[in-house]
Amino acid sequence: MKKVVKFVIAVICLASISFYFYTDAKKSTVNQLALENINALAETEWNNHIRCYGVGNLDCNGLKVDMIFPNLR
Amino acid sequence: MQRYVYILLFVSGLIACSHSPQTQQHATISKANMLHGESISTEPVFIRYPFRVAVKDSVAVVMDLHCDSCYFQAFTYPAWKPIAAFGKHGEAPDEMLSADKFQFDSLDSIWTLDANRMEIRRWAIIPPKKSVVLKETITLDKNLVRTLDFYRTDSCFLVPGYMGDCRFLKVAHNGIPIKSIGKIPCTSTHKNVNQPALAQAWRSFTDYNPRNGIYAMVTQLGEVLEIYNLKTNFHFTFFGPNGEPQFSTSGNHAIPDGIMGFLDVKVTEHYIYTIFQGTSFKDIGRRLQQGKHSEDGGRNLYIFNFNGKLVRQCVLDHPVCGIDVDEKTHTMIATCVESNQPIIKYKI
């Protein structure tokens, strides 16, 4: 019985740690994917640091845009 | 052995808990009622990106953020018949490089802000002649660097700080700053990032009511409402469930992360009306990758009292950007970017 309890506790620990690292990795992958695909998007304007994309209401270098990305060039 | 198991359990519990965001929250209302609006056409006038609207007596003015020709269009109200367009887009001295905000006080006092030129202009609308005349231009001091919002009072302009060294400033009517007030109520680890980037991330929309002295600021990113009573110098800051603006930095620039927050704020005699979006930048980015369009505008109307308590919450049937509220007639006029009929009228 004691062995079963220990086994269950160990599984819970492993699951929670795995979940943490899985979601963190997923977040990084999404960000990385987004950044990589930015090159494929037609950007409106960029400077040394940022790129402004689309038509929206975010202020970006004097433009009003949909998204702002770091400049990877 | 058992001791180690408990230690492992405790540590893993801490790791799992550290993943959830920690924010102060305002009390939310469980009931959010749906509001259905009446769409209004502005034909034959085409408004590409109706971002702001204001109504005064029998005239309405709409600001087009991405105009083809003129940033502003005046209409009769409530018939919405065109009177005249003004604020021509262009690089000539009398033209505008951008339109960021306007304030409609009376027919001879429509104040417009051009952040790219750093100019505030006053215009007069003459409905019988169907014309609009430029009355004066005020150049804002270079030390302000960039002003994205304003409110003109009888004694000064109230403008949010762009450099991060204060929250907002009082600027004399000649464009010279006279007083810096407050600081960015940042509570997170962003405290150590450079101040201009912090201020960009905390870019806020503002409104002021001179009758009660309430100056409200809502963040474009995150979910923060700040209330300053300029008559009593009282100040509240409230963090919604989405917390303060999330961002990363690149040089002196802020790269938005987290969510798109508030889109507009209106301070009336009794309440603070706000439009909230809440879309995450992850979703916007994901949709961009898929070549899909993300909805511009917010569907949430949050109404706060002057103590920052959320007193009413409504879900709108259209995503809207700018609002004007008439409490006497229980009417809210809103702009909608996503519709061919850019004006929506709500009974609130």
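Heads up: the protein sequence lines correspond to chains A and B, in order. Per my numbering, residue 89 is the first one in the first sequence, and the count goes up by one each step. Per my numbering, residue 187 is the first one in the second sequence, and the count goes up by one each step. Every residue, glycine too, gets a C-beta built ideally from N, C-alpha and C.
Reference residue i; option with closest CA among the options
i, options, result
"I461(B)", "F420(B), D250(B), D300(B) and G408(B)", "G408(B)"
"P528(B)", "V506(B), Y337(B) and A270(B)", "V506(B)"
"I413(B)", "A385(B), Q386(B), P363(B) and R353(B)", "R353(B)"
"S225(B)", "L502(B), D512(B) and Y257(B)", "L502(B)"
"V404(B)", "V248(B), G426(B) and P396(B)", "G426(B)"
"H421(B)", "L411(B), N428(B) and G429(B)", "L411(B)"
"D459(B)", "I534(B), K274(B), H479(B) and H439(B)", "Looking at the sequence provided, one finds Tyr at residue 459(B) rather than Asp. Of I534(B), K274(B), H479(B) and H439(B), the residue nearest in Cα terms is I534(B)."
"D512(B)", "F237(B), Y235(B), A218(B) and K242(B)", "K242(B)"
"S366(B)", "C342(B), I311(B) and T373(B)", "C342(B)"
"Q406(B)", "L487(B), S480(B), A270(B) and M446(B)", "M446(B)"
"A310(B)", "D294(B), N302(B) and I324(B)", "D294(B)"
"E481(B)", "N428(B), L496(B) and Q463(B)", "Q463(B)"
"Y488(B)", "I296(B), A260(B) and Y457(B)", "Y457(B)"
"T325(B)", "V357(B), I312(B) and I296(B)", "V357(B)"
"A150(A)", "A402(B), H439(B), F232(B) and R307(B)", "It is Gly, not Ala, that sits at residue 150(A) in the sequence shown. Residue H439(B) is the option with its Cα nearest to G150(A)."
C-alpha gap between residue i and residue j, whole angstroms
i, j, result
"D254(B)", "V143(A)", "13 Å"
"I400(B)", "G483(B)", "25 Å"
"L121(A)", "A246(B)", "Residue placement at L121(A) cannot be trusted, given a pLDDT of 39 that sits under 50; the coordinates are not used to answer."
"L123(A)", "K152(A)", "For L123(A), the predicted structure reports a pLDDT of 40, less than 50, and the residue's modelled location is therefore unreliable. A value from the coordinates is still provided. In a straight line, the C-alpha of L123(A) is about 20 Å away from that of K152(A)."
"G350(B)", "R332(B)", "12 Å"
"Q475(B)", "H137(A)", "21 Å"
"V239(B)", "Y394(B)", "16 Å"
"P371(B)", "K316(B)", "46 Å"
"P268(B)", "F258(B)", "11 Å"
"D469(B)", "F157(A)", "14 Å"
"L283(B)", "P314(B)", "29 Å"
"A385(B)", "I441(B)", "12 Å"
"W388(B)", "Y348(B)", "9 Å"
"M155(A)", "C140(A)", "6 Å"
"P346(B)", "K369(B)", "10 Å"
"R498(B)", "E277(B)", "44 Å"
"E281(B)", "G273(B)", "6 Å"
"N491(B)", "T465(B)", "25 Å"
"E524(B)", "M518(B)", "18 Å"
"M249(B)", "F237(B)", "6 Å"
"A577(B)", "S374(B)", "Nothing can be reported for residue 577(B), as the shown portion of chain B is limited to 187 through 534."
"H479(B)", "R473(B)", "7 Å"
"P207(B)", "P431(B)", "Low local confidence applies: a pLDDT of 32 at P207(B) is under 50, so the model's placement there is unreliable, and no value is given."
"R303(B)", "C256(B)", "16 Å"
"F467(B)", "Y235(B)", "20 Å"
"K495(B)", "I530(B)", "26 Å"
"T392(B)", "K94(A)", "57 Å"
"I233(B)", "I312(B)", "21 Å"
Delimiting residues of the beta strand (DSSP E) encompassing residue i
i, result
"L221(B)", "N219 to L221"
"R353(B)", "Note, R353(B): premise wrong, no beta strand (DSSP E); not H, not E."
"L496(B)", "L496 to V506"
"Y141(A)", "I138 to C148"
"P314(B)", "First-last for P314(B): undefined, no H or E at that position."
"Q289(B)", "K287 to S292"
"T333(B)", "Taken as a continuous stretch (DSSP letters only), T333(B) belongs to no beta strand (DSSP E), as it is neither H nor E."
"G273(B)", "P268 to K274"
"S284(B)", "Premise fails: S284(B) is in no beta strand (DSSP E) and is neither H nor E."
"Y257(B)", "C256 to T262"
"N486(B)", "G484 to F490"
Cβ neighbour criterion (16 or more within 10 Å) applied to residue i
i, result
"E322(B)", "exposed"
"T262(B)", "exposed"
"H376(B)", "buried"
"M220(B)", "exposed"
"P264(B)", "exposed"
"H222(B)", "exposed"
"E455(B)", "exposed"
"T521(B)", "buried"
"L330(B)", "buried"
"P230(B)", "exposed"
"N493(B)", "exposed"
"D300(B)", "buried"
"R397(B)", "exposed"
"L344(B)", "buried"
"V318(B)", "buried"
"L320(B)", "exposed"
"C148(A)", "buried"
"G444(B)", "buried"
"S244(B)", "exposed"
Residue range of the alpha helix (DSSP H) that includes residue i
i, result
"K468(B)", "F467 to Q475"
"L384(B)", "Q381 to A387"
Distance cut-off 6 Å: residue i Cβ against heavy atoms of the ligand COA
i, result
"F467(B)", "Summarising the ligand content, the structure contains no ligands, and the ligand COA is consequently not present."
Original post:
Taking three-plus beta-carbon pairs below 8 Å as touching, is the stretch 365–382 of chain B in contact with the stretch 445–459 of chain B?
Top reply: The stretch 365–382 of chain B makes no contact with the stretch 445–459 of chain B: fewer than 3 CB pairs, one atom from each, lie closer than 8 Å.
Original post:
Does the stretch 429–444 of chain B come close enough to the stretch 499–517 of chain B to have 3 or more Cβ pairs within less than 8 Å?
Top reply: no
Subject >> Segment contact, 8 Å Cβ cut-off, at least three pairs: the stretch 332–343 of chain B with the stretch 286–297 of chain B >> reply: yes
Subject >> the stretch 414–422 of chain B contacting the stretch 357–364 of chain B, beta-carbon criterion three pairs below 8 Å >> reply: no
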